[in-house]
Amino acid sequence: MTIRSLSAKTDTGHSVQSQYSVYRKIMANKHVNAIVVGAGAGGGIVAKELATNGLSVVLFERGEWPDYDEHPNDELISQRTEVLGSPFGPDHIKNPRTVTYKGGGKQIVTPIRGGYSNNAACVGSGTVSYGAMAWRFMEEDFKLKTVYGHVEGSTLEDWPVSYEDLEPCYEKAEWEIGVSGDDTQNPFAPPRKKKQPMPPFEYNQEAKVLYEASKRLGLHPFPLPMLRNSIPNNGRAACIRNRTCCGFACPVDAKNGTQNTVIPIAISTGNCELRTACKVVEIMIDDRGKATGVKYFDRNDQAQIQTADVIVVSGAAIETARLLLNSKSKLFPNGAGNNYDWVGRNLQGHAYTGAYGLFDYDILDFSGPGATVAWCDFNHHNPGIIGGGLLANEFNRLPYLYTNIRPPGSARWGKGHKEFQRSMYHRTAQVVGPIQEMPMYESRVTVDPEVKDFWGIPVASLSGERHRLDHEHCKFLSGKAEEILKEAGAYQTWQSVGGQGGPSGGQHQNGTARMGNDKKTSVVNKYGQVHEIDNLFVADGSIMVSGGGFNPALTIMALGYWVGGYIAKNFAGTKFK
Amino acid sequence: MTTSNRRNFIKSASLAFGSVLLFPSCLKQKSGYRFFTPEESLCIIAVCEQIIPKDESPGATDAGVIYYIDRQLSGIFHYDQETYRNGIKNLQEYTAKKHGKTFENLIFDEQTKLLIMLESNQLNETDWPQGKPADFFNLVRSHTMQGFYGSPIHGGNKDYMSFEMLRIDYPLVIGQNRYRT
Amino acid sequence: MKLKSVAFILLFTFIGLILLFGGYAQWNSANPKKTCASCHEISPSVNDWQTSAHRNIRCIECHGTALGNGIHSMKEKANMVFTHLGEKKQPEEIRMTEKQVLEISGKCAKCHQSEYAKWQSGGHSATYADIFMNGKHNQEETPYWGCLRCHGMFYEGNIKTLLQKPEKADGPWKLTDMKKATEPTMPCLACHTVHTENEVLGRPLRLDIPKEIFYGRSSRNPSITWYIRADRRHLQADKLMKITMFDKDQAVQVSDDPANKLCVQCHSPNFKHQTGSEDDRTPTGVHEGISCLACHVPHSNDAHNSCKNCHPGFSNCGLDVTKMNTTFADINSPNNIHSVSCSNCHKDKVSGKFRKK
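Order-wise, the sequence lines are chains A, B and C. Sequential numbering of the first sequence, starting at 1, is according to the numbering used here. Sequential numbering of the second sequence, starting at 1001, is according to the numbering used here. Sequential numbering of the third sequence, starting at 2001, is according to the numbering used here.
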């Protein structure tokens, strides 16, 4: 049979690395119940849900287990400021992309050059080094079209699922991954059944000042919810308030991600096999329109095949779209699930916008993570604005990043620049937030016809531009941020308004395989199941219809539980119904 | 074994022994830099010192920013090599034409004025034949900032002097964080 | 005829080998400026050595591995040549392996016998088995990569490759390479570096001089350094940042002794820099402002005989301090010697004459 001959080369005995050197022999490429592509925020959770329900799972990850010993505290090699490399992947030489800016030509970019929209490529992916804000979307975020109406030039749409549907999944994510916070202080918080498992972080000095100021303005500040241990939890330490946090791995493992929670659980069931350094390049779909397996390159760059009953793709918006588009078959000549040209469309992210304030005393105490207070007053129902965004004080600004933070008209170099850096480094506060972007049909991911990666696979190509309202909304939110800083006593403030140019994307990438009830205007149904391919699912940020005015990590985790739970419940034998 | 063979053997053996002594000199490099020539390095050192001058805290020269740039240009930033070569050439030719000196021999204020012109693209094609002056200047500026404020592990920021200037603790002092599960 | 030729060849080879080995041994022991340092990568290290306290000691005395005369050293040397010609490593990537570091630390003992013996007797000679195979400790605090920052800083690998997680939660932890069990985790090179400018005979600590007690050595000892595992380099103690310590909200006076800055890197406080938190031992109370080395003898860290350096001369009480209710006399005392103050015992107001400075 075809499968047997193609899988003649078995994996060369590389062991699954669990937390310590407990080695297990890799199983040969025999057929399994489920494949999960991508061990990130969504994929790790789906793997765990399936494995704990008795399915045999192979979890593919193109990166490695994160090695905390490499590049600790090195700002130039951090996942946030990727000047000299990305500590958590991907390899910057083997994985190019192309970007087409409006009015300009196409450029080949690598993770260390702008425009790449890198997330990470390791077990746990972005959840190893993220800022770890843990936001539930508000109820309105799932039905923006109903609340705000049609937006000219945008593909803004309601989600086919509601907040009520996802609420149990949010709760699971909060308790199984581990969230600290206190929603009772946030009057805009969506309804919840169970509180967050860990108490909130105490405010740092900057947050205390901003808290008082915003209360005077009539706003409602509250402690930022975080996917971070505020007390010892799950056998790991509480946060030590390390100065270098966002973009770095945690030295005490207090930052909760899928790599230190659900993925080890999945592996310990004995049903899940994690294969690192394996790059899935194509989903094989047979002539009847059923997904049969995946083609991948293993650690030694040998092509291999793995078959399964169900395939779940969780590669984050850009790589998921690329994988689907590269998976052409007889019934889907333009890519899996792409018969109506919606795969890769509506690439969104979050434009960050806010304001800075200079104080005449050392307002920053540089305790990490830096962001501790937040406001949800501007997420919805702002007059004349569709959606909005949260505001929070920002993660610690490290020295090189700070060299570009200057009031308008300031010296960019020379004595003045250095003097500012020296005297104002501890005295610059920042309030910033992600804006709800208006999805654009033309902001998209395609595969490049010419450029190929190290393994000969066409790379992702980003193109398009933002909606013009993004910049308007950013101006609004920046204005609100500046008000808070002024009230707090900053003697000079200035805005930093985002939302221009494009295409969007970035670390909060989402939207490229959106959910919907109509197969002609969406890629997956409300359960993440690709229309017309019953056993192919997507469970990551790609299925989000809109990005919310919130960091998406917790929502992606909730979607992981949602899709994973659906598959586990409905899986029966080898025929997926 | 014949006499001639023996002679050859002795000849080749002594050559072999002798050549070992030559090893050090074959491997000796010309300058201390991997990419820059000594003349180019003087120019870039002067530009970096303009970008981050020495005042009450050390400047770019003290921090060894040139070693950061040199190391990265011969490694991960190899695609910027042409910009640097052309930029230095253009700069030196322009200063020779206008002032009869090399850039590093101008007085401090003259250098500052010239760099301001570069930054605002005030030099036309005859004065700056390859590329745009602002591209070159902005590249050197961002590299200087990286070299000065980044980790010393990359070649610059000698002995963490910029972190000392910023009063941030380095190395990070991380208490053990005792806890009981 | 043939036999004579063979004899000649053998004789030549024999003489050649003697010359080769002799030359090799001579090369190893010669002034490095003429030999190794004629290649520029190693000349910074050689220049540092020439101005260091060890300038009259040849490389081979400390660097016992590639610079020895045995088969082991020739294998290392050959390996270096292959790497140099083949892999094209950059100078900053050339590091000593942990094995080499430990060999060098062993050689320190040849001359610095007293210091070595003191180190062996104290807590800083803890081995990998002591630190990492303690089941009770590992159960309470899961080992993570940050452990290696302070003990095991030269280990090449990470915590996953060092330890094997046991089958049961409480028992027994094993190192993946049990030969490491007796290796020290904090060898000499954790706190010292040889290749740095220094006087040949450093000035010893004079504990009968008040300034030395209260403010520690004011003279720089450049060879006291901290090995930063994250950056894989040494940094001189006086270039380390002086951390502002707080006792609740009050800033605490801390000695200017560079050694203090070194100690606090491992014996570190929490993020608020609170004295006495986590592993911190910054003295407050009656001992505020005193250098660590005023009481703790370097290398052994033994403090048992240190009271008489100051007391009763500087004691405000005139009593025998070794018998007072502190952790010095009894480890279970509620008054930690690092933070004990007059008001711990004298709940009522203490007269101005005896108030702590």
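Note that CB positions come from ideal geometry on N, CA and C, so glycine has one too.
Nearest-angstrom Cα separation, counted from residue j out to residue i
| i | j | result |
| --- | --- | --- |
| residue 2285 of chain C | residue 2292 of chain C | 14 Å |
| residue 2229 of chain C | residue 239 of chain A | 21 Å |
| residue 1196 of chain B | residue 159 of chain A | Because chain B in this structure spans residues 1001 to 1181, residue 1196 of chain B falls outside the shown range and cannot be described. |
| residue 1143 of chain B | residue 1079 of chain B | 14 Å |
| residue 1024 of chain B | residue 2049 of chain C | With a pLDDT of only 47 at residue 1024 of chain B, under the threshold of 50, the placement of this residue in the model should not be trusted; the figure read from the coordinates follows. Roughly 20 Å between the two C-alpha positions. |
| residue 254 of chain A | residue 242 of chain A | 10 Å |
| residue 269 of chain A | residue 558 of chain A | 21 Å |
| residue 305 of chain A | residue 280 of chain A | 9 Å |
| residue 155 of chain A | residue 522 of chain A | 11 Å |
| residue 2055 of chain C | residue 2047 of chain C | 10 Å |
| residue 1041 of chain B | residue 1032 of chain B | 10 Å |
| residue 551 of chain A | residue 2167 of chain C | 39 Å |
| residue 61 of chain A | residue 449 of chain A | 25 Å |
| residue 545 of chain A | residue 296 of chain A | 29 Å |
| residue 2270 of chain C | residue 1082 of chain B | 48 Å |
| residue 2076 of chain C | residue 311 of chain A | 51 Å |
Range covered by the beta strand (DSSP E) that runs through residue i
| i | result |
| --- | --- |
| residue 2274 of chain C | It is not in any beta strand (DSSP E) - residue 2274 of chain C carries neither H nor E in the DSSP assignment. |
| residue 2126 of chain C | Unbroken run through residue 2126 of chain C: none, as it is neither H nor E. |
| residue 448 of chain A | 444-452 |
| residue 58 of chain A | 57-60 |
| residue 537 of chain A | 536-538 |
| residue 98 of chain A | 97-100 |
| residue 1082 of chain B | Segment 1081-1099 is the alpha helix (DSSP H) holding residue 1082 of chain B; no beta strand (DSSP E) there. |
| residue 246 of chain A | Premise fails: residue 246 of chain A is in no beta strand (DSSP E) and is neither H nor E. |
Chain-ordered chain C contacts of residue i [CB-CB under 7 Å]
| i | result |
| --- | --- |
| residue 235 of chain A | 2142 |
| residue 72 of chain A | 2230 |
| residue 1041 of chain B | Neighbours of residue 1041 of chain B on chain C: none; closest Cβ ~15 Å, over 7 Å. |
Three-way DSSP call (helix, strand, coil) for residue i in this model
| i | result |
| --- | --- |
| residue 222 of chain A | strand |
| residue 601 of chain A | Past the edges of chain A, shown from 1 to 577, lies residue 601 of chain A, and the structure says nothing about it. |
| residue 1162 of chain B | helix |
| residue 464 of chain A | coil |
| residue 1136 of chain B | helix |
| residue 356 of chain A | strand |
| residue 2147 of chain C | helix |
| residue 2095 of chain C | coil |
| residue 75 of chain A | coil |
| residue 146 of chain A | helix |
| residue 197 of chain A | coil |
| residue 292 of chain A | strand |
| residue 131 of chain A | coil |
| residue 433 of chain A | strand |
Contacts that residue i makes with chain C (C-beta to C-beta distance below 9 Å)
| i | result |
| --- | --- |
| residue 168 of chain A | Correct list: empty, because the minimum Cβ distance to chain C is about 30 Å. |
Chain-ordered neighbours of residue i on chain B, where CB pairs are closer than 9 Å
| i | result |
| --- | --- |
| residue 2239 of chain C | 1159, 1160, 1161, 1164 |
Delimiting residues of the alpha helix (DSSP H) encompassing residue i
| i | result |
| --- | --- |
| residue 2138 of chain C | 2135-2140 |
| residue 414 of chain A | 414-424 |
| residue 2119 of chain C | 2113-2121 |
| residue 211 of chain A | 205-216 |
| residue 331 of chain A | Residue 331 of chain A -> no alpha helix (DSSP H), and no H or E assigned at all. |
Under 8 Å from the C-beta of residue i: neighbouring residues of chain A
| i | result |
| --- | --- |
| residue 1055 of chain B | 415, 418, 419 |
Partner residues on chain B for residue i, Cβ-Cβ distance less than 8 Å
| i | result |
| --- | --- |
| residue 2243 of chain C | 1169, 1173 |
| residue 2149 of chain C | 1174 |
Amino acids of chain B, ordered along the chain, whose beta-carbon sits closer than 7 Å to that of residue i
| i | result |
| --- | --- |
| residue 2046 of chain C | Under the 7 Å cutoff, chain B gives no residues; its nearest Cβ is about 13 Å from residue 2046 of chain C. |
Interface partners of residue i on chain A, CB under 7 Å
| i | result |
| --- | --- |
| residue 1145 of chain B | 400, 403 |
Members of the stretch 405-433 of chain A near chain B, C-beta cut-off 8 Å: 412, 413, 414, 415, 417, 418, 419, 421, 422, 425, 426
Positions along the stretch 375-399 of chain A whose CB lies within less than 7 Å of some CB in chain B: Residues 399.
The stretch 253-272 of chain A: positions lying closer than 9 Å to chain B by Cβ: 254
Positions along the stretch 1124-1142 of chain B whose CB lies within less than 8 Å of some CB in chain A: From the stretch 1124-1142 of chain B, only 1141 have a Cβ closer than 8 Å to chain A.
Short-range partners of chain A found in the stretch 2299-2318 of chain C, where Cβ spacing is below 7 Å: none
Chain A contacts from the stretch 2266-2282 of chain C (Cβ-Cβ distance under 8 Å): 2270, 2271, 2272
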